[in-house]
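Enquirer: Sequential numbering from 0 applies to the sequence shown in numbering that gives the first Met the number 0.
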Amino acid sequence: MQRELNILISGGGTGGHIFPAVAIANYLCDNHAPCRIQFIGAQGKMEMEKVPQAGYNIEGLPVAGLQRRLTFSNLLLPVKVLRSIRKASHIISTFKPDVAVGVGGYASGPAMLAAIMKGVPVVIQEQNSFAGITNKWLGKYAKKVCVAYDGMDKFFPADKIVMTGNPVRRDITVNTLTNATAREYFKIPANQKVLLILGGSLGARTINASIENALDKLPADVFVIWQCGKIYYDALKDKAAKYPNISLQPFITNMNLAYAAADIVISRAGALSISELCVVGKPVILVPSPNVAEDHQTHNAMALVKQNAALMVKDIDARAQLVDKALGLLNDETLKLELATHIKQMAKPDADKHIVEQILSVIKG
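(1) Quick one: measure Cβ to Cβ for M445 and E125, integer angstroms, because I've assumed they're closer than 8 Å.
(2) Would K138 and G12 be called neighbours here (beta carbons separated by less than 8 Å)?
(3) Taking DSSP as the reference, what is the three-state secondary structure of R35?
(4) On the CB-based measure, 16 or more other CB atoms within 10 Å of its CB, does P33 come out buried or exposed?
(5) On the CB-based measure, 16 or more other CB atoms within 10 Å of its CB, does Q66 come out buried or exposed?
(6) Nearest CA to the CA of N141: which residue from V167, Q52, V98?
(7) Output the residue ranges of the alpha helix (DSSP H) runs that lie fully inside the segment 59-128 and measure 4 residues or longer, sorted by chain position.
(8) Here's a check: name, in chain order, each residue in its chain whose Cβ is nearer than 6 Å to the Cβ of I362, leaving out the five neighbours to either side.
(9) Are S128 and H298 closer than 8 Å when you measure CB to CB?
(10) Determine the DSSP secondary structure at F250, reduced to helix, strand or coil.
(11) Pick helix, strand or coil for S266, following the three-state DSSP scheme.
(12) Near F155, what residues of its chain come up, given a Cβ to Cβ distance below 6 Å and the 5 sequence neighbours on each side ignored?
(13) Roughly how many whole angstroms lie between the Cα atoms of A317 and D29?
(14) Could you tell me the alpha carbon to alpha carbon distance between H16 and K238, rounded to whole angstroms?
(15) Does the Cβ-Cβ distance between I23 and V100 come in under 8 Å?
(16) Taking the alpha-carbon of E211 as reference, which of D349, P51, K236, D149 has the nearest alpha-carbon?
(17) Would N134 be called buried (16 or more neighbouring beta carbons within 10 Å of its own) or exposed?
(18) What number of angstroms, rounded off, separates the C-alpha of D370 from the C-alpha of I273?
(19) Among residues of its own chain, excluding the 5 on either side of S88, which ones have a beta-carbon nearer than 6 Å to its beta-carbon?
(20) Less than 7 Å between C-beta atoms, sequence neighbours within five positions excluded: which residues of the same chain meet that for P166?
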């Protein structure tokens with residue numbers, strides 16, 4: 000009988016960090032039992048809700064992000080980081096992990112630093128094509144760095160890099176739902192093409208404004224599934240309700256159905272979103288968020304654009320160009336097929352399996 004493994008996983012802040020972390024935990028539990036999983040997140044962030052919903056224990060650290068302007072919160076940041084390292088160190092002493100896995104986000108830095116200080120081997124999972132400062136530093140001490148893009152030796156020691164891809168939820172990688180089933184679920188008439196709009200787990204202000212300002216441009220034969228984010232929903236619901244061909248959603252729980260229904264997709268260029276879009280193989284227009292560290296979403300998007308696997312509209316140009324570009328793509332069958340073919344070639348549906356293989360190899364090593 001195999002001995003029980005203790006796996007520490009840390010990170011979060013957005014769905015782009017949480018869902019890959021949960022996918023790794025699920026694969027471990029499903030295929031390498033017995034094991035115990037302990038998550039470390041940031042207090043007040045969405046992982047403190049989503050991880051327990053997935054069935055795992057989580058402890059929160061008092062860490063917070065650096066604000067872009069001078070604030071009192073920034074002055075307290077060093078204190079919060081030190082408190083977070085101390086708390087993470089206590090969790091590690093109690094849990095005694097065989098390995099610590101960092102997936103990015105506020106909590107990942109203090110948790111992985113505490114693990115390194117206590118001699119626990121560390122595996123980093125870098126989701127973006129442009130690594131952040133914390134992961135670049137941690138990569139020097141990690142045993143393995145699992146990446147999703149080529150050229151990551153700019154940021155990490157080449158001998159530690161393993162190309163695995165980003166973990167995608169199994170309901171998407173093994174999606175057997177038909178287009179007909181999905182259209183019935185969203186009550187989409189047979190003669191309508193489907194535009195799926197995704198703003199990430201929190202919604203996207205610019206994408207929402209671009210659609211809102213051009214509602215009268217949307218023809219009757221286009222059905223729009225519009226995931227606007229919880230904080231924007233109340234402001235948009237009355238206006239969207241005037242259009243029978245718009246289904247406004249604060250958050251889409253059944254993403255497998257939304258992807259199955261879509262003819263084309265408008266999306267932010269977060270690492271998880273791109274990984275899912277590669278797996279489902281849908282034509283996509285990417286609108287990178289400018290409000291992220293090192294402008295990594297633009298780097299993510301350009302990795303696809305250079306392969307003729309996606310179109311891109313800059314955030315600053317979205318209000319003027321996005322809807323026209325989407326309608327043009329909806330009616331261009333040749334371009335849709337070309338984009339769908341190329342983006343599908345970039346898919347790595349077994350990323351969770353490959354990352355777990357690296358985690359286990361570190362434990363054995």
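Heads up, the beta-carbon is just placed ideally off N, CA and C, and yes, glycines get one too.
All values reported here derive from a predicted model rather than from experimental measurement.
Expert: Considering the structure as presented:
(1) What the structure shows of the chain is the stretch from 0 to 364, and residue 445 is not part of that stretch, so it cannot be assessed.
(2) The residue given as residue 138 occupies position 139 in the sequence shown. The residue given as residue 12 occupies position 13 in the sequence shown. Correcting the residue type first, residue 138 is Gly in the shown sequence and not Lys. In this structure, G12 does not lie closer than 8 Å to G138 by Cβ.
(3) As a working mapping, residue 35 is identified with position 36 in the sequence shown. Strand, per DSSP.
(4) Here residue 33 refers to the residue found at position 34 when the sequence shown is read from its first residue. By the neighbour-count criterion, in which a residue is buried when 16 or more other Cβ atoms sit within 10 angstroms of its Cβ, P33 is exposed.
(5) Translated into the one-based positions of the sequence shown, residue 66 becomes position 67. Because Q66 sits at a pLDDT of 45, beneath the cut-off of 50, its placement in the model cannot be relied upon, and the following sentence gives the value as read from the coordinates. Result: exposed.
(6) Taking the sequence shown and counting its residues from 1, one reaches residue 141 at position 142. In the sequence as displayed, the identity of residue 141 is Ala instead of Asn. The closest CA to that of A141, considering only V167, Q52, V98, is found on V98.
(7) Every unbroken stretch of the alpha helix (DSSP H) spanning 4 or more residues and falling wholly within the segment 59-128 is given here in chain order: 71-94, 107-116.
(8) Working through the sequence shown from its first residue, we reach residue 362 at position 363. Result list for I362: D97, V98, in chain order.
(9) Here the question's residue 128 lines up with position 129 in the sequence shown. Here the question's residue 298 lines up with position 299 in the sequence shown. For S128 and H298, yes; Cβs fall inside 8 Å.
(10) Position 251 of the sequence shown, counted from the start, is the residue given in the question as residue 250. Look at F250 here: in three-state DSSP terms it is coil, with no helix or strand label.
(11) In the sequence shown, the residue the question calls residue 266 occupies position 267. Three-state DSSP puts S266 in a strand.
(12) The residue given as residue 155 occupies position 156 in the sequence shown. Its chain contains G138, V144 as the residues whose beta carbon lies nearer than 6 Å to that of F155, once the 5 sequence neighbours on both sides are disregarded; these appear in chain order.
(13) As a working mapping, residue 317 is identified with position 318 in the sequence shown. As a working mapping, residue 29 is identified with position 30 in the sequence shown. In this structure, the alpha-carbon of A317 lies about 42 Å from that of D29.
(14) In the sequence shown, residue 16 corresponds to position 17, counting from 1. In the sequence shown, residue 238 corresponds to position 239, counting from 1. When rounded, the distance between both Cα atoms is 32 Å.
(15) Position 24 of the sequence shown, counted from the start, is the residue given in the question as residue 23. Position 101 of the sequence shown, counted from the start, is the residue given in the question as residue 100. Yes, these two residues count as a Cβ contact at 8 Å.
(16) By 1-based counting over the sequence shown, the position of residue 211 is 212. When each option's Cα is compared against that of E211, the closest is K236.
(17) Translated into positions along the sequence shown, residue 134 becomes position 135. Per the 10 Å Cβ criterion, buried.
(18) Past the boundaries of the shown model lies residue 370; the chain is included only from 0 to 364, so the question cannot be answered.
(19) Position 89 of the sequence shown, counting from 1, holds the residue named residue 88. Closer than 6 Å at the Cβ level, and outside the excluded window around S88, lie A113.
(20) As a position in the sequence shown, residue 166 is number 167, starting the count at 1. Cβ neighbours of P166 beyond the five flanking positions: P19, A22, I23, A350, D351, I354.
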